[in-house]
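Numbering (the numbering used here), first residue to last: 193 to 900.
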Ligand code: HDE
């Protein structure tokens with residue numbers, strides 16, 4: 193081959209390896225993949241078209257089973273940085289090396305909906321964190337709610353069958369408001385505490401970035417000496433904890449079903465990295481039995497008044513995935529993934545999860561080698577004697593695939609304790625008797641449901657009442673509704689009576705105690721042996737979102753309404769104030785073409801009144817300008833933005849000189865006597881910004897009777 197031909201060939205190969213040229217799965221450069229090979233241009237396709245066959249066969253196998261639960265979700269990369277040395281309690285390096293950065297991959301999800309369902313369903317949110325630590329992957333697979341529906345893993349398949357779309361008609365999608373769910377719940381009083389949380393605003397978060405996260409179960413920390421400390425994990429968002437209104441949530445689902453997903457990705461792409469502090473509640477092993485509840489019961493939390501949350505580090509999410517399938521779909525979280533220094537408690541729900549997740553991943557990803565997938569690989573290359581199986585991507589060398597061996601110089605040998613080897617925390621269970629059952633304190637089904645309900649502010653209690661009324665009104669079977677109301681009498685009589693009236697069943701007058709009452713046919717009597725405990729604590733501040741600090745307007749999306757003729761100085765003033773506080777000014781105009789300001793400047797709007805919606809914004813404001821105000825006052829969609837924002841208890845700002853617009857809103861006709869701190873009529877940008885920082889004026893619902 194001549195020299196210049198050789199160079200040409202080399203260039204071609206480089207092109208192939210750079211990934212710029214389409215290669216078939218076996219590395220053949222493809223010249224045409226848009227026309228099937230045919231016997232003549234109008235003739236039948238030919239069997240020998242191996243390229244078309246490969247493309248089609250691959251396509252035919254693109255889908256893998258979606259997750260049984262938590263199918264709808266998204267995930268991003270980040271880092272965890274430890275700020276407090278926990279070596280007194282654990283030998284886990286991730287919790288002892290202050291300042292070290294551990295990479296994480298974090299997935300947020302809803303539970304009940306299918307993979308393509310909408311983000312704003314009333315539902316629990318998954319909060320899964322995979323820490324890629326020096327000592328292996330640690331998966332903290334939690335939720336945004338600190339307790340769970342059932343106490344034993346063996347009930348989980350029933351719970352999930354009940355909440356998923358019903359088996360005879362596959363309805364409803366991503367919703368618990370249907371007969372099978374409430375049938376199950378009404379027969380499962382242990383779910384009462386969790387139901388208070390899922391019927392609260394926690395189940396309709398404003399953003400993944402504004403949710404708390406909880407490990408839910410009690411885990412163990414184990415130090416160098418083998419001493420055990422019980423631990424609960426908490427994630428506290430730096431942006432505070434916020435939710436949307438229920439009416440708003442239902443509309444967001446239609447306007448932008450990817451609302452949470454988009455919000456998370458956009459904030460990272462814009463450099464607004466979401467952050468959470470990691471907190472722990474620590475209980476010395478010797479104090480295991482000192483509480484009114486059992487530490488192993490996942491339907492109970494440890495009130496922060498009893499054990500405060502200690503902050504030990506911060507997680508920052510700072511990188512979006514490159515490929516949704518390869519990373520987000522293929523990530524395989526397993527609560528069984530723990531590292532030396534962290535251990536399981538005997539929580540019967542956690543014990544079941546240790547089995548279920550690895551099992552489901554093998555099914556979902558099709559192979560026991562699922563940890564070879566790039567997103568699941570630990571930091572260090574794995575050496576062990578696990579061999580073969582579908583999709584083995586490693587090529588083990590040498591002869592020895594067994595242990596002990598001499599042919600491989602004894603390698604890979606087992607890590608001694610001094611080399612970080614994992615050992616299970618010893619626990620004496622020699623006297624145990626094999627039983628199916630649960631411990632005494634697990635029979636307290638209601639006291640923490642009562643604690644939660646009593647800890648809510650008035651408007652939060654109202655939201656729970658309304659949510660239960662909505663959900664149960666969708667149930668067709670009267671006996672289910674009646675049973676639920678009976679259960680509610682054990683939490684709060686006023687709540688039970690309110691719901692009863694709304695859903696058309698008899699109003700209860702006394703607490704329905706389960707003792708001596710017939711167990712409903714089909715129910716397990718053990719689920720009805722409630723043994724109430726009088727809790728020493730009557731309220732817990734941390735349980736109410738109303739008590740969470742309001743943390744400014746950082747990343748909040750504020751619709752600023754403009755049209756031709758808008759006043760330059762007022763626009764500049766408001767936009768720069770919003771930006772200087774870390775908020776986002778979204779310029780909304782009647783159409784997408786550039787707006788000409790009064791001073792003749794051309795401004796490009798971000799959104800229009802017809803492609804955006806008030807429910808996708810945190811607040812709205814209108815800037816003065818004779819001509820622009822006139823145009824907007826004649827634009828019904830613009831008026832609707834303001835009316836709806838007001839209804840959803842958001843901040844609404846009117847510049848001085850926008851009275852003509854204000855007069856068109858239904859606010860002017862009705863609210864003048866109900867102007868609250870969220871309605872800023874004098875164009876005072878600072879006042880408006882502090883109203884946005886307050887998130888919502890929920891009291892507006894009561895005062896104005898707005899259906900938010
Ligand atoms: Fe899950 N759960 N779960 N779960 N769960 C799954 O695992 C399961 C439970 C949670 O982002 C599945 O990979 C059982 C509690 C999250 O990929 C499955 C029990 C908590 C995610 C499964 C529980 C969770 C899952 C479905 C009762 C909060 C999403 C596909 C013993 C602490 C993980 C998969 C992700 C996913 C089983 C109870 C949270 C089927 C058997 C309690 C955040 O394995």
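Backbone N, C-alpha and C fix where the C-beta goes; we use that ideal spot for every residue, glycine too.
Bridge partners of residue i, per DSSP?
{"i": "residue 334", "result": "319"}
{"i": "residue 267", "result": "299"}
{"i": "residue 294", "result": "272"}
{"i": "residue 237", "result": "230"}
{"i": "residue 412", "result": "422, 535"}
{"i": "residue 471", "result": "426, 503"}
{"i": "residue 325", "result": "328"}
{"i": "residue 781", "result": "800"}
{"i": "residue 244", "result": "According to DSSP, residue 244 bridges with nothing at all."}
{"i": "residue 749", "result": "776"}
{"i": "residue 846", "result": "814"}
{"i": "residue 509", "result": "270"}
{"i": "residue 788", "result": "794"}
{"i": "residue 872", "result": "845"}
{"i": "residue 215", "result": "221"}
{"i": "residue 757", "result": "Partner(s): none; residue 757 has no beta bridge."}
{"i": "residue 405", "result": "427"}
What is the C-beta distance between residue i and residue j, in whole angstroms, given that I count them as a contact (C-beta under 8 Å)?
{"i": "residue 470", "j": "residue 272", "result": "7 Å"}
{"i": "residue 316", "j": "residue 260", "result": "At roughly 15 Å, the Cβ-Cβ gap does not stay under 8 Å, so residue 316 and residue 260 are not in contact."}
{"i": "residue 801", "j": "residue 761", "result": "With a Cβ gap of about 24 Å, residue 801 and residue 761 do not count as contacting."}
{"i": "residue 371", "j": "residue 667", "result": "5 Å"}
{"i": "residue 529", "j": "residue 329", "result": "5 Å"}
{"i": "residue 787", "j": "residue 756", "result": "6 Å"}
{"i": "residue 449", "j": "residue 310", "result": "4 Å"}
{"i": "residue 313", "j": "residue 366", "result": "4 Å"}
{"i": "residue 243", "j": "residue 216", "result": "6 Å"}
{"i": "residue 751", "j": "residue 824", "result": "12 Å between Cβ atoms; not a contact."}
{"i": "residue 532", "j": "residue 327", "result": "6 Å"}
{"i": "residue 914", "j": "residue 789", "result": "Nothing about residue 914 can be read from this structure; the chain reaches only from 193 to 900."}
Report the residue from the options whose alpha carbon sits nearest the alpha carbon of residue i.
{"i": "residue 680", "options": "232, 297, 388, 294", "result": "388"}
{"i": "residue 335", "options": "289, 661, 490", "result": "490"}
{"i": "residue 537", "options": "616, 510, 589, 610", "result": "616"}
{"i": "residue 417", "options": "279, 677, 789", "result": "279"}
{"i": "residue 685", "options": "721, 638, 722, 548", "result": "638"}
{"i": "residue 257", "options": "763, 572, 552", "result": "552"}
{"i": "residue 819", "options": "791, 804, 833", "result": "791"}
{"i": "residue 301", "options": "403, 869, 742", "result": "403"}
{"i": "residue 426", "options": "480, 600, 332", "result": "332"}
{"i": "residue 472", "options": "867, 504, 431, 493", "result": "504"}
{"i": "residue 447", "options": "598, 657, 859, 803", "result": "803"}
{"i": "residue 793", "options": "821, 763, 884, 326", "result": "763"}
{"i": "residue 722", "options": "682, 345, 296", "result": "682"}
{"i": "residue 277", "options": "386, 502, 580", "result": "502"}
{"i": "residue 496", "options": "748, 744, 647, 671", "result": "647"}
{"i": "residue 748", "options": "720, 729, 778, 725", "result": "778"}
Does residue i come within less than 8 Å of chain B when only Cβ atoms are used?
{"i": "residue 427", "result": "Protein chains in the displayed structure number just one, and chain B is not present."}
Does the stretch 454 to 468 touch the stretch 809 to 826, meaning 3 or more C-beta pairs lie closer than 8 Å?
no
Is the stretch 476 to 493 close to the stretch 625 to 633, with three or more CB pairs under 8 Å?
yes
Should the stretch 719 to 739 be regarded as contacting the stretch 767 to 784, the criterion being three or more beta carbon pairs within less than 8 Å?
no
Do three or more CB pairs link the stretch 236 to 249 to the stretch 279 to 291 at distances below 8 Å?
no
May I ask you to verify whether the stretch 712 to 727 touches the stretch 697 to 704, counting CB pairs closer than 8 Å and requiring at least 3?
no
Taking 8 Å as the threshold, find out whether the stretch 340 to 354 comes into contact with the stretch 375 to 395 through three or more Cβ pairs.
yes
Hey, is the stretch 647 to 665 in contact with the stretch 612 to 629, meaning 3+ C-beta pairs nearer than 8 Å?
no
Three CB pairs or more closer than 8 Å across the stretch 504 to 518 and the stretch 584 to 591:
no
Taking 8 Å as the cut-off, does the stretch 251 to 270 touch the stretch 215 to 230 (at least 3 CB pairs, one atom from each stretch)?
no
Inter-stretch contact at 8 Å, needing at least 3 Cβ pairs: the stretch 515 to 531 / the stretch 460 to 470
no
Within the chosen definition, does the stretch 602 to 618 reach the stretch 643 to 654 through at least 3 CB pairs nearer than 8 Å?
no
If we count Cβ pairs, one from each stretch, closer than 8 Å, do we get three or more for the stretch 428 to 444 versus the stretch 834 to 844?
yes
For the pair the stretch 880 to 890 and the stretch 769 to 779, tell me if three or more CB-CB distances fall below 8 Å.
yes
Between the stretch 846 to 861 and the stretch 725 to 734, can you find at least three pairs of beta-carbon atoms closer than 8 Å?
no
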